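Have a look at the structure below, then the notes.
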Amino acid sequence: MPEGHSVQRTANWFNKHLAGSKVRVDSPQGRFTDSAKLVSNRKLIRARAIGKQLFLDFDNKKTVRIHLGIYGKWRYFDSNKVEVVGQVRARFFNAAKLADLRGPTICEVIETELVDQHKKRLGPDPTNPDPKKLNQERFVKRVRASKSAIGLLLMNQSVISGVGNVYRAELLFRAKLSPYRLGSSLSQKQAVELWQDAVMLMKVGVAKGFMVTRQEQLSSRKIHDERNYVYKREGLACLRCRSNVALELMATRKLYYCPGCQK
Ligand SMILES: [Zn+2]
140 MPEGHSVQRT
150 ANWFNKHLAG
160 SKVRVDSPQG
170 RFTDSAKLVS
180 NRKLIRARAI
190 GKQLFLDFDN
200 KKTVRIHLGI
210 YGKWRYFDSN
220 KVEVVGQVRA
230 RFFNAAKLAD
240 LRGPTICEVI
250 ETELVDQHKK
260 RLGPDPTNPD
270 PKKLNQERFV
280 KRVRASKSAI
290 GLLLMNQSVI
300 SGVGNVYRAE
310 LLFRAKLSPY
320 RLGSSLSQKQ
330 AVELWQDAVM
340 LMKVGVAKGF
350 MVTRQEQLSS
360 RKIHDERNYV
370 YKREGLACLR
380 CRSNVALELM
390 ATRKLYYCPG
400 CQK
């Protein structure tokens, strides 16, 4: 499942290559054909990533809302003459560039004025600018007021949007926090630092295009195979305390953490 940094990269691609031009939209597979007609050949004003959702605003007050879900995928091309391969739900293109969308959970056209309602339901997104630290404050308040485990809160898109299983595991490891700690047990400082670490790590993810969380690799230009501390490292020695990394289920999702040093 893509996490927020990859949705931000998609928005960047749309803003760089399609925004400002008339965009043709169609649905080779057919399931999005009628909706595509509502925006096709209109000018794309901008793309916005909010959490795991992408919003494409067109100049007729209509917006395409997309959530990739578990199976959704984007492919981008430097040409607009590309053979359709497989089930392409939606195709977006101008004279020079083309993007194909396959398998999204949501791909629909909504009125642009409704985007704010979707936004309100979503928690603050660490990849969005936050000059007045309002997003940080929202996150910190919500976490510290909650009797839920922090491991659940980080996966709750109304608390923080864009974080998925990888960042959840890695953020908690970096913070030395057990995923079972209740939100209300975190100090103000711990909650602020958790948010700021998410902002920093997801920024790196947007820039690099993949999720790297090991400190020594954050500024490295080399691509390493092993980029994470605990994610998918169950049974292996913790890189900090040498205990075995655990794999458990939390609300049906896999949870990776180190019982030795995450307290
Ligand atoms: Zn450890």
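Under the working numbering, residues 140 to 402 are what the sequence shown spells out, in order.
Every residue gets a Cβ at the ideal spot worked out from N, C-alpha and C, and that includes glycine.
Being a predicted model, the structure only gives us computed values, none of them experimental.
### Message
I believe Ile184 touches Asp198 by the beta-carbon criterion, under 8 Å. Please report the beta-carbon distance rounded to the nearest angstrom.
### Response
For the purposes of this step, residue 184 is taken as the residue at position 45 of the sequence shown. For the purposes of this step, residue 198 is taken as the residue at position 59 of the sequence shown. About 6 Å; that satisfies the 8 Å criterion.
### Query
Glu250 bridges to which residues according to DSSP?
Taking the first residue of the sequence shown as 1, we reach residue 250 at position 111. Lys201.
### Task
Look at the Cβ atom of Arg283, then the Cβ atom of Ser317, and state whether they are nearer than 8 Å.
Start at 1 with the first residue of the sequence shown, and residue 283 comes out as number 144. Start at 1 with the first residue of the sequence shown, and residue 317 comes out as number 178. Remark: C-beta atoms of Arg283 and Ser317 do not approach each other more closely than 8 Å.
### Message
Taking the straight line between their C-alpha atoms, what separation do you get for Asn219 and Ala390?
### Response
In the sequence shown, residue 219 corresponds to position 80, counting from 1. In the sequence shown, residue 390 corresponds to position 251, counting from 1. Rounded to whole angstroms, Asn219 and Ala390 show a C-alpha spacing of 43 Å.
### Message
Within 10 Å of its beta-carbon, does His102 have 16 or more other beta-carbons around it, so buried, or fewer, so exposed?
### Response
Nothing can be reported for residue 102: it is not among the residues displayed for the chain, which extend from 140 to 402.
### Query
Between which two residues does the beta strand (DSSP E) harbouring Tyr396 extend?
For the purposes of this step, residue 396 is taken as the residue at position 257 of the sequence shown. 392-396 is the extent of the beta strand (DSSP E) around Tyr396.
### Cross-strand partners of Lys212 (DSSP beta bridge)
Along the sequence shown, one-based indexing puts residue 212 at 73. Here Lys212 is bridged, per DSSP, to Arg241.
### Message
Is the separation between the beta-carbon of Val343 and that of Arg148 shorter than 8 Å?
### Response
As a first step, residue 343 is located in the sequence shown; it is residue number 204 there, counting from the start. As a first step, residue 148 is located in the sequence shown; it is residue number 9 there, counting from the start. No, they are not a contact pair.
### Query
So is the beta-carbon of Arg379 under 7 Å away from any non-hydrogen atom of ligand 3?
Absent from the structure shown: ligand 3. Ligands present: ligand 1.
### Task
Could you check what DSSP says for Asp165 in three-state terms: helix, strand or coil?
On the sequence shown, residue 165 is found 26 positions in, with the first residue counted as 1. The three-state reading of DSSP puts Asp165 in strand, counting E and B together.
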